[in-house]
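Written out below as structure tokens is the structure these notes cover.
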DNA sequence: GGGTGATAGTTGCAGTTGCAACTAATGTCA
DNA sequence: TGACATTAGTTGCAACTGCAACTATCACCC
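Chains as they are written, first to last, in my numbering: chain L, 296 to 459; chain P, 296 to 459.
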């Protein structure tokens with residue numbers, strides 16, 4: 296009836312809730328697997344997409360991983376230094392290079408992927424049957440909303456996907 | 296049949312998916328509201344819990360916001376400097392202080408909360424009826440899993456930022 | 001061709017973060 | 001009371017982050 300409406304509980308606030316859960320899961324993933332191979336999450340993401348899709352430019356990696364090009368650049372530099380990937384000249388465009396995993400990189404990738412699958416399986420096991428599909432659907436909708444909201448209201452973004 | 300199992304697609308990896316969606320939403324929230332009041336997300340969280348629960352110690356704030364005590368300490372320092380909250384001596388324990396919003400802080404809180412509710416309403420509007428409740432339930436389960444996994448397996452993390 | 005504007009990727013910089021180490025105040029137990 | 005472990009909160013540090021600015025290359029078009 297007055298301006299003193301219902302109390303606001305942070306714990307019920309969806310963005311907060313998503314953030315907390317996501318961070319806990321990321322932490323579990325990083326702590327159990329990624330860091331055991333000396334990889335940060337951005338590096339793991341780069342390796343993951345390079346493991347699936349043949350040679351990619353850094354730009355394509357950025358799109359596939361939803362990461363800022365700066366982040367990709369640094370992750371690629373570290374992975375190259377560590378011998379996990381190599382850059383080959385891109386015949387069609389000398390500004391970019393074709394990134395691909397080395398044998399060592401493929402080895403690491405091959406060891407992490409099963410562990411990632413295992414972690415995901417544990418995660419899904421915590422859900423009821425069919426609940427994962429519904430979760431994915433909900434996340435799709437939220438993502439679509441956030442992408443729209445981000446591009447409409449946020450300050451002038453240079454280009455593509457906003458990202459973490 | 297051999298070690299070359301199904302390809303791994305990062306885009307289907309649940310931790311990754313959660314991270315991307317969460318970050319987009321946080322960004323939309325921060326860009327549209329929090330930053331308009333000069334508040335970072337950690338600061339907004341502190342104000343949110345102080346707005347609901349009378350005086351709290353920094354420690355209690357840390358628990359309620361699921362933030363590191365360091366983060367809380369810095370957020371509180373900035374909020375105090377900006378005049379949004381004040382620290383009062385804690386009679387029972389001189390190590391901590393009782394934190395509470397000032398009049399100015401309550402004013403800001405009172406203006407942000409309706410906007411936060413509005414954003415959440417938009418978010419929920421993107422979902423089907425009943426889908427939000429199912430999402431919450433799923434998040435609860437994932438959270439429970441992550442808390443368990445984190446406390447059991449985690450130990451010395453490197454220092455990689457946490458994000459899937 | 002040569003100018004103009006876009007694009008790929010890198011780097012400088014300022015701000016944020018978590019962990020470890022630290023100070024200060026309690027608590028405990030003999 | 002006096003040593004010793006605990007807890008509240010702060011700070012040093014080293015790493016990560018995004019943005020803006022920059023270089024190099026490409027694309028267009030007169």
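Note that beta-carbon positions come from the ideal geometry of N, C-alpha and C, so glycine has one too.
Exercise. Pairing CB atoms from the segment 327 to 346 of chain L with CB atoms from the segment 397 to 412 of chain L, are three or more of them under 8 Å?
Worked result: yes
Problem set entry | Sequence-distant residues of the same chain with beta carbon closer than 8 Å to residue 324 of chain P, five excluded per side | The residue you call residue 324 of chain P lines up with position 29 of the second chain. Result list for residue 324 of chain P: 336, 411, 414, in chain order.
Exercise. Mind checking residue 400 of chain P: buried by the 16 CB within 10 Å criterion, or exposed?
Worked result: The residue labelled residue 400 of chain P in the question sits at position 105 within the second chain. Per the 10 Å Cβ criterion, buried.
Exercise. Where does residue 360 of chain P land, buried or exposed, given buried means 16+ other C-beta within 10 angstroms?
Worked result: The residue given as residue 360 of chain P occupies position 65 in the second chain. That one is buried.
Exercise. So which residues on chain P does residue 438 of chain L lean against when the C-beta distance must stay under 9 Å?
Worked result: By 1-based counting over the first chain, the position of residue 438 of chain L is 143. 312, 315, 316, 319, 320, listed in chain order.
Exercise. Helix or strand or just coil, what does DSSP make of residue 381 of chain L?
Worked result: As a first step, residue 381 of chain L must be located in the first chain, where it is residue number 86. Of the three classes helix, strand and coil, the one that applies to residue 381 of chain L here is strand, per DSSP.
For this session: Give a single yes or no on whether residue 436 of chain P has its beta carbon closer than 7 Å to a heavy atom of the ligand ZN.
Result: With respect to small molecules bound, the structure shown includes none, and the ligand ZN cannot be examined in it.
Exercise. When we look at the beta-carbon of residue 310 of chain L and count the other beta-carbons within 10 Å, is it buried (16 or more) or exposed?
Worked result: Here residue 310 of chain L is taken as the residue at index 15 of the first chain, counted from 1. Result: buried.
Problem set entry | CB contact flag (residue 372 of chain L, residue 347 of chain P, <8 Å) | What you label residue 372 of chain L is simply residue 77 of the first chain in a count that begins at 1. What you label residue 347 of chain P is simply residue 52 of the second chain in a count that begins at 1. It is not a contact, given that the beta carbons lie outside the stated cut-off.
Exercise. Under the three-state reduction of DSSP, which class applies to residue 427 of chain L: helix, strand or coil?
Worked result: By one-based count along the first chain, residue 427 of chain L stands at place 132. Residue state, collapsed to three classes: helix.
Exercise. Do the CB positions of residue 396 of chain P and residue 351 of chain P come within less than 8 Å of each other?
Worked result: Walking along the second chain from the start, residue 396 of chain P turns up at place 101. Walking along the second chain from the start, residue 351 of chain P turns up at place 56. No, these two residues do not count as a Cβ contact at 8 Å.
For this session: Please confirm whether residue 364 of chain P and residue 354 of chain P have their CB atoms less than 8 Å apart.
Result: Position 69 of the second chain, counting from 1, holds the residue named residue 364 of chain P. Position 59 of the second chain, counting from 1, holds the residue named residue 354 of chain P. Cβ distance < 8 Å, so residue 364 of chain P and residue 354 of chain P count as in contact.
Exercise. Can you tell which of L:333, L:374, L:321 has its C-alpha closest to the C-alpha of residue 398 of chain L?
Worked result: Counting from 1 along the first chain, the entry for residue 398 of chain L is found at position 103. It is L:374.
Problem set entry | Alpha carbon of residue 333 of chain L to alpha carbon of residue 383 of chain P, nearest angstrom | Your numbering for residue 333 of chain L matches position 38 in the first chain. Your numbering for residue 383 of chain P matches position 88 in the second chain. Cα to Cα, the separation comes out at about 45 Å.
Exercise. When burial is assigned at 16 or more other CB atoms within 10 Å of the CB, is residue 433 of chain L buried or exposed?
Worked result: As a first step, residue 433 of chain L is located in the first chain; it is residue number 138 there, counting from the start. Counting Cβ neighbours within 10 Å, residue 433 of chain L comes out buried, since at least 16 surround it.
Exercise. CB-CB under 8 Å to residue 424 of chain P, same chain, minus the five flanking residues each way: which ones, in chain order?
Worked result: Here residue 424 of chain P refers to the residue found at position 129 of the second chain. Counting only Cβ-Cβ distances below 8 Å, and skipping sequence neighbours, we find nothing.
For this session: Can you give me, in chain order, the residues of the segment 340 to 352 of chain L that have a beta carbon less than 7 Å from any beta carbon in chain P?
Result: 340, 343, 344, 346, 347
Exercise. Taking the alpha-carbon positions, what's the residue 389 of chain L to residue 381 of chain L distance?
Worked result: Reading the first chain from its first residue, position 94 is the one you call residue 389 of chain L. Reading the first chain from its first residue, position 86 is the one you call residue 381 of chain L. Approximately 16 Å, taken between the alpha carbons.
Exercise. If you draw a straight line from the alpha carbon of residue 306 of chain L to that of residue 312 of chain L, how long is it in whole angstroms?
Worked result: Within the first chain, residue 306 of chain L is the residue found at index 11, counting from 1. Within the first chain, residue 312 of chain L is the residue found at index 17, counting from 1. Spanning the two alpha carbons is a distance of roughly 6 Å.
Exercise. So with Cβ pairs under 8 Å, would you call residue 303 of chain L a contact of chain P?
Worked result: Mapped onto the first chain, residue 303 of chain L falls at position 8. Taking Cβ atoms only, chain P reaches closer than 8 Å to residue 303 of chain L, which makes this a yes.
Problem set entry | Buried versus exposed call for residue 402 of chain L [16 or more other C-beta atoms within 10 Å across all chains shown] | Along the first chain, read from residue 1 onward, the residue named residue 402 of chain L stands at position 107. So residue 402 of chain L ends up on the exposed side.
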